[in-house]
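Engineer:
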Amino acid sequence: MTVVLNQSFTGISIGAVLLLIALGLTLTFGQMGVINMAHGEFMMAGAYTAYLLQQAIGDAGFSLLVALPTAFLVAGAMGALLEWLLIRRLYTRPLDTLLVTWGVSLMLQQLARDIFGAPNVQTRAPEWLTGNIGFAGTTLATNRLFILGLALLCVLGLTVVMRSTPLGRRIRAVVQNRDLAKVSGIATGRVDRTTFFIGSGLAGLAGVALTLVGPIGPTMGTNYIVDAFLVVVVGGIAQLKGAVITAFALGVLQSVLEYSTTVSVAKVVVLVAIVAFLQWRPQGLYTLRTRSLA
Amino acid sequence: MTTTAAPPETAPAAPPGKDRSARLRVPAAFLAGAVLLLGVAPLALSDFRLSLLAKYLCFAIVAVGVSLAWGRGGLLVLGQGVFFGLGGYAMAMHLKLADAAAAGETLPDFMLLYGSGDTLPWWWQPFADPVFALAATVLLPMAVAALLGFLVFRRRVKGAYFAILSQALAAALAIWLIGQQATTGGTNGLTDIQGFFGYDLRDPVNQRTVYVVIAVALLLTMALARMLFVSRYGELLVAVRDSEERVRFLGYNPADVKLVAYVVAAGMAGLAGALFVPAVGIISPALIGIVPSIGFVIGAAVGGRASLVGAVLGAVAVAWAQSTLSESFPAAWTYAQGLLFVLAVGFLPGGLASLGAVLRRRRTATTATPVPTTPVPATAVPTTPVPATPVPATANPKGETA
Numbered sequence: 053m054t055v056v057l058n059q060s061f062t063g064i065s066i067g068a069v070l071l072l073i074a075l076g077l078t079l080t081f082g083q084m085g086v087i088n089m090a091h092g093e094f095m096m097a098g099a100y101t102a103y104l105l106q107q108a109i110g111d112a113g114f115s116l117l118v119a120l121p122t123a124f125l126v127a128g129a130m131g132a133l134l135e136w137l138l139i140r141r142l143y144t145r146p147l148d149t150l151l152v153t154w155g156v157s158l159m160l161q162q163l164a165r166d167i168f169g170a171p172n173v174q175t176r177a178p179e180w181l182t183g184n185i186g187f188a189g190t191t192l193a194t195n196r197l198f199i200l201g202l203a204l205l206c207v208l209g210l211t212v213v214m215r216s217t218p219l220g221r222r223i224r225a226v227v228q229n230r231d232l233a234k235v236s237g238i239a240t241g242r243v244d245r246t247t248f249f250i251g252s253g254l255a256g257l258a259g260v261a262l263t264l265v266g267p268i269g270p271t272m273g274t275n276y277i278v279d280a281f282l283v284v285v286v287g288g289i290a291q292l293k294g295a296v297i298t299a300f301a302l303g304v305l306q307s308v309l310e311y312s313t314t315v316s317v318a319k320v321v322v323l324v325a326i327v328a329f330l331q332w333r334p335q336g337l338y339t340l341r342t343r344s345l346a
Numbered sequence: 397m398t399t400t401a402a403p404p405e406t407a408p409a410a411p412p413g414k415d416r417s418a419r420l421r422v423p424a425a426f427l428a429g430a431v432l433l434l435g436v437a438p439l440a441l442s443d444f445r446l447s448l449l450a451k452y453l454c455f456a457i458v459a460v461g462v463s464l465a466w467g468r469g470g471l472l473v474l475g476q477g478v479f480f481g482l483g484g485y486a487m488a489m490h491l492k493l494a495d496a497a498a499a500g501e502t503l504p505d506f507m508l509l510y511g512s513g514d515t516l517p518w519w520w521q522p523f524a525d526p527v528f529a530l531a532a533t534v535l536l537p538m539a540v541a542a543l544l545g546f547l548v549f550r551r552r553v554k555g556a557y558f559a560i561l562s563q564a565l566a567a568a569l570a571i572w573l574i575g576q577q578a579t580t581g582g583t584n585g586l587t588d589i590q591g592f593f594g595y596d597l598r599d600p601v602n603q604r605t606v607y608v609v610i611a612v613a614l615l616l617t618m619a620l621a622r623m624l625f626v627s628r629y630g631e632l633l634v635a636v637r638d639s640e641e642r643v644r645f646l647g648y649n650p651a652d653v654k655l656v657a658y659v660v661a662a663g664m665a666g667l668a669g670a671l672f673v674p675a676v677g678i679i680s681p682a683l684i685g686i687v688p689s690i691g692f693v694i695g696a697a698v699g700g701r702a703s704l705v706g707a708v709l710g711a712v713a714v715a716w717a718q719s720t721l722s723e724s725f726p727a728a729w730t731y732a733q734g735l736l737f738v739l740a741v742g743f744l745p746g747g748l749a750s751l752g753a754v755l756r757r758r759r760t761a762t763t764a765t766p767v768p769t770t771p772v773p774a775t776a777v778p779t780t781p782v783p784a785t786p787v788p789a790t791a792n793p794k795g796e797t798a
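Top to bottom, those sequences are chains A and B.
Residue 53 is where the first sequence starts when you use the working numbering, and the numbers rise one by one after that.
Residue 397 is where the second sequence starts when you use the working numbering, and the numbers rise one by one after that.
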């Protein structure tokens, strides 16, 4: 029983990290159709932001709290810049965005290597995140609970923004029918950039969260990016709940499989499960119904 | 995703057989390439350079498949490393077993080293048979591609979803290979391969033979791809890329069309992987994960994804640039590679092969547009006073003159 609880909690905390990364992707990939391979590098930028702030501030707890909004802004600004420089030219060629942003991600990784060095760096966790909490015979690490809370908070925030703000309405309008939104007087270009800013900013938040559980290095983005895309693919586009359910489901599946087999076998089995799932629901868990044939 | 994948900007393939010179141009170019690869290169290059070229030509074989699946079929195949790896591992497993047998052992050296028991794993055993191993280098990748393609295309999973799934497959295979250190050599892969069907690979003369085999294989795959391009199937493939729904309404199943391109491309990648092993003497997960899988695409993107020769030359050029640049400036190469992606895909989607056409278009655009009276759009005028032949007499869909 303890084992089951332990593995589920590990799975949920893997899921929370996946969810944080995938949340940004549901905006940029799910809503806009842009396959941003540099998303992982925006996450890395967030993580390095947290690292730099801790170097500057010293107090681990305070620097973490400062790092969250700062990383959001830093990664978001990078995303908006990328959108303005490259991606807005490629909206009619979504597959090519993958390759272009992959090129960008290569350059960003090398940039990180040149600035911070190839070896990983580490941040100190604040004291209030180093303990454990006993729960039903098992122990829950507080840093993982923090990530879980952060992920849920982000989901909540994003839901509120998308459901009940003018910005969210504009984003949804552009996604559902770009041309109609445009003739209705919505500045689609600005909406695109804002969406990209938020999506990339969420990657920055994910990066800060990752500093609590692992080292910070130039390749940290690549380790997560494919998994995060799979979450969006399985979850279906344009629906946050799809990403939420999928992230936790994949996280738990992964951790249970890792316990019963090995990490590498678990990866393969998860992929097989995803392909099998797509036989059942090719468009993912939740889809936005349209009349388009494609 | 509500937007459909727009086709890459490519000039349509010239209708076959416009006139005699055009019809001869392709075989002539092919012959020139064959002479260059088989006659000139072995004479002009040192042993070392020739073995490097052999390696690049292996990447070029992958690029032929990429040009077919991606350039013509619009399938962004990001998992070619999987098929390259399957072909490479199939070949390397056989060669390792042959090496072991020559040394009087029953197990490959790395298995003895890791002490993983004294029996060969069951899935290694068939690869002791050379015929099985050689067939597996091509058929195994094709089978995997057929399975994945069937599952994915049948359910109309396409575009980005397909790209990401094929990429995830590459990641999964690489991670699995690394995890099974005792039976796959783990991160190191299968290294130090010495014999090639009884020949010693360390002998430069035999390396030259391997080069010739690879060059011939490249020419054959190019010929095969060319035949597919100009066939009815090739037209159907482009049609699926450009408007899948219309093809479906016409009564074809786009899933089958895409499946063929994907499977053939996988077979080509498998062949390339198999030939890569004797040329370089190693196959490892580092050659087949996400990064190298995307790398297989970049050569084709730079050279011109839809142009066969462009893709091949692009693959060779990028591989050459990588090995020369990354030796002296590893950091600079990474920036250059990233920049290549951004510039080639973002701003010259047809690749360098389309550079001429783009420049020509720009020149005619600047010179011709201010003068609207110039008789440029002669073809656009439907009522030509002298129709050479009555239309119903030559109901030729391609507009060929007999």
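Yeah, the Cβ is synthetic: ideal placement off N, Cα and C, and Gly gets one too.
Helix, strand or coil: which one does DSSP assign to A/Ile326?
Structural biologist: Along the first sequence, read from residue 1 onward, the residue named residue 326 of chain A stands at position 274. Three-state DSSP puts A/Ile326 in a helix.
Engineer: What in chain B is Cβ-close to A/Asp148, meaning under 8 Å?
Structural biologist: By one-based count along the first sequence, residue 148 of chain A stands at place 96. Those are Pro404, Val741, Gly742, Pro745, listed as they occur along chain B.
Engineer: Note down, in chain order, all residues in the segment 148-164 of chain A with a beta-carbon under 7 Å from any beta-carbon belonging to chain B.
Structural biologist: For the segment 148-164 of chain A, which is checked against every Cβ of chain B, the residues closer than 7 Å are Asp148, Leu150, Leu151, Val152, Trp154, Gly155, Val156, Leu158, Met159, Gln162.
Engineer: May I have the straight-line CA-CA distance separating A/Met130 from B/Leu735, to the nearest angstrom?
Structural biologist: Residue numbering aside, residue 130 of chain A sits at position 78 when the first sequence is read from its first letter. Residue numbering aside, residue 735 of chain B sits at position 339 when the second sequence is read from its first letter. Rounded to the nearest angstrom, the two C-alpha atoms are 17 Å apart.
Engineer: Taking the alpha-carbon of A/Arg333 as reference, which of A/Val285, A/Val227, A/Gly82 has the nearest alpha-carbon?
Structural biologist: Numbered from its first residue, the first sequence carries residue 333 of chain A at position 281. Ranking A/Val285, A/Val227, A/Gly82 by Cα distance to A/Arg333 puts A/Val285 first.
Engineer: Which of helix, strand or coil does DSSP assign to B/Thr579?
Structural biologist: As a first step, residue 579 of chain B must be located in the second sequence, where it is residue number 183. Looking at B/Thr579 - three-state DSSP - the assignment turns out to be helix.
Engineer: Quick check on A/Gln174: buried or exposed, where buried means 16 or more other Cβ atoms within 10 Å of its Cβ?
Structural biologist: Sequence index remark: in the first sequence, residue 174 of chain A carries index 122 (1-based). Result: exposed.
Engineer: Report the residue from B/Gly747, B/Arg758, B/Leu739, B/Arg759 whose alpha carbon sits nearest the alpha carbon of A/Leu137.
Structural biologist: Numbered from 1 along the first sequence, position 85 holds the residue referred to as residue 137 of chain A. The shortest Cα separation from A/Leu137 among B/Gly747, B/Arg758, B/Leu739, B/Arg759 belongs to B/Leu739.
Engineer: Step through the CB atoms of chain A and report whether any lies within less than 9 Å of the CB of B/Leu472.
Structural biologist: As a first step, residue 472 of chain B is located in the second sequence; it is residue number 76 there, counting from the start. Interface residue, yes.
Engineer: How about B/Gly461 and B/Val473: are their beta carbons less than 9 Å apart?
Structural biologist: Residue mapping note: residue 461 of chain B aligns to position 65 of the second sequence, counting from 1. Residue mapping note: residue 473 of chain B aligns to position 77 of the second sequence, counting from 1. Cβ atoms of B/Gly461 and B/Val473: closer than 9 Å.
Engineer: From the beta carbon of B/Gln733, is the nearest beta carbon of chain A less than 9 Å away?
Structural biologist: Position 337 of the second sequence holds residue 733 of chain B. Chain A, which has a Cβ nearer than 9 Å to the Cβ of B/Gln733, makes this yes.
Engineer: Got a sec, what are the start and stop residues for the beta strand (DSSP E) A/Gly186 sits in?
Structural biologist: Start at 1 with the first residue of the first sequence, and residue 186 of chain A comes out as number 134. First-last of the beta strand (DSSP E) with A/Gly186: 184-187.
Engineer: Can you tell me whether A/Thr191 is helix, strand or coil according to DSSP?
Structural biologist: Position 139 of the first sequence, counted from the first residue, corresponds to residue 191 of chain A. Three-state result, A/Thr191: strand.
Engineer: According to DSSP, is A/Val173 helix, strand or coil?
Structural biologist: Looking up residue 173 of chain A in the first sequence gives position 121. Three-state DSSP puts A/Val173 in a strand.
Engineer: Runs of 4 residues minimum, wholly inside the segment 568-623 of chain B: which ones carry the alpha helix (DSSP H) assignment?
Structural biologist: 577-580
Engineer: Any Cβ of chain A within less than 9 Å of the Cβ of B/Trp572?
Structural biologist: For the purposes of this step, residue 572 of chain B is identified with residue 176 of the second sequence, where counting begins at 1. Interface residue, yes.
Engineer: Applying the criterion that 16 or more other CB atoms from any shown protein chain within 10 Å of the CB defines a buried residue, is B/Arg445 buried or exposed?
Structural biologist: Residue mapping note: residue 445 of chain B aligns to position 49 of the second sequence, counting from 1. Exposed, because fewer than 16 other Cβ atoms sit within 10 Å of the Cβ of B/Arg445.
Engineer: Is A/Ile277 helix, strand or coil by DSSP?
Structural biologist: Taking the first sequence and counting its residues from 1, one reaches residue 277 of chain A at position 225. A/Ile277 falls in the helix class under three-state DSSP.
Engineer: Quick check: the Cα distance between A/Phe94 and A/Gly259, rounded to an integer number of angstroms?
Structural biologist: If you number the first sequence from 1, residue 94 of chain A lands on position 42. If you number the first sequence from 1, residue 259 of chain A lands on position 207. Cα to Cα, the separation comes out at about 8 Å.
Engineer: Rounded to the nearest angstrom, how far is the Cβ of B/Ala430 from that of B/Leu615, given a contact under 8 Å?
Structural biologist: Taking the first residue of the second sequence as position 1, residue 430 of chain B is located at position 34. Taking the first residue of the second sequence as position 1, residue 615 of chain B is located at position 219. Contact flag correct, Cβ pair sits at about 6 Å.
Engineer: Check distances from the C-beta atoms of the segment 549-571 of chain B to those of chain A and list, in chain order, the residues that come in under 7 Å.
Structural biologist: Arg551, Arg552, Val553, Gly555, Ala556, Tyr557, Ala559, Ile560, Leu561, Gln563, Ala564, Leu565, Ala567, Ala568, Ile571
Engineer: Give the list of continuous alpha helix (DSSP H) stretches no shorter than 4 residues that lie fully inside the segment 451-512 of chain B.
Structural biologist: 476-498, 505-510
Engineer: Got a sec: is the Cβ-Cβ distance from A/Arg145 to anything in chain B below 9 Å?
Structural biologist: The residue you call residue 145 of chain A lines up with position 93 of the first sequence. For A/Arg145, at least one C-beta of chain B is nearer than 9 Å to its own C-beta.
Engineer: Would you call the segment 696-708 of chain B and the segment 500-519 of chain B touching, i.e. three or more CB-CB distances under 8 Å?
Structural biologist: no
Engineer: Could you tell me the alpha carbon to alpha carbon distance between B/Ala833 and A/Tyr276, rounded to whole angstroms?
Structural biologist: Missing from the structure shown is residue 833 of chain B; chain B here goes from 397 to 798 and no further.
Engineer: Could you please give the first and the last residue of the uninterrupted alpha helix (DSSP H) stretch that includes A/Gln107?
Structural biologist: Counted from its first residue, the first sequence places residue 107 of chain A at position 55. It spans 91-109 - the alpha helix (DSSP H) in which A/Gln107 sits, taken as one unbroken run.
Engineer: Would you verify that the beta carbon of B/Leu547 is, or is not, closer than 9 Å to some beta carbon of chain A?
Structural biologist: Residue 547 of chain B sits at position 151 when you count from the first residue of the second sequence. Yes, contact with chain A.
Engineer: Among B/Gly545, B/Arg551, B/Ala437, B/Leu569, which one has its Cα closest to the Cα of A/Val322?
Structural biologist: Here residue 322 of chain A corresponds to residue number 270 of the first sequence, with the count starting at 1. Per the Cα distances, B/Leu569.
Engineer: Alpha helix (DSSP H) containing B/Arg826: first to last residue?
Structural biologist: This structure does not reach residue 826 of chain B, given that chain B is present from 397 up to 798, and the question cannot be answered.
Engineer: Can you check whether the C-beta of B/Phe737 is within less than 9 Å of a C-beta belonging to chain A?
Structural biologist: To locate residue 737 of chain B, count along the second sequence from 1; it is residue 341. For B/Phe737, the answer is yes, since a Cβ of chain A falls inside 9 Å of its Cβ.
Engineer: Between the segment 257-274 of chain A and the segment 545-564 of chain B, do three or more beta carbon pairs fall short of 8 Å?
Structural biologist: no
Engineer: Which residues mark the beginning and the end of the alpha helix (DSSP H) in which A/Lys293 is found?
Structural biologist: Within the first sequence, numbered from 1, the residue matching residue 293 of chain A stands at position 241. That run of the alpha helix (DSSP H) goes 292-312.
Engineer: Quick one: residues in its chain with C-beta nearer than 7 Å to the C-beta of B/Ile684, no 5 flanking neighbours on either side, listed in chain order?
Structural biologist: Taking the first residue of the second sequence as 1, we reach residue 684 of chain B at position 288. Only Gly477, Val478, Phe480, Gly481, Ala566, Leu569, Ala570 meet the Cβ criterion.
Engineer: Counting only Cβ-Cβ distances shorter than 8 Å, please list the residues of the segment 683-703 of chain B near chain A, keeping chain order.
Structural biologist: Answer set for the segment 683-703 of chain B: Ile686, Val687, Ile690, Val693, Ile694, Ala697.
Engineer: Just to confirm, are A/Leu181 and A/Gly113 a CB contact at a threshold of 9 Å?
Structural biologist: As a position in the first sequence, residue 181 of chain A is number 129, starting the count at 1. As a position in the first sequence, residue 113 of chain A is number 61, starting the count at 1. Contact flag set, yes.
Engineer: 9 Å is my cut-off, CB to CB: does B/Leu655 come that close to chain A?
Structural biologist: As a first step, residue 655 of chain B is located in the second sequence; it is residue number 259 there, counting from the start. Chain A, which has no Cβ nearer than 9 Å to the Cβ of B/Leu655, makes this no.
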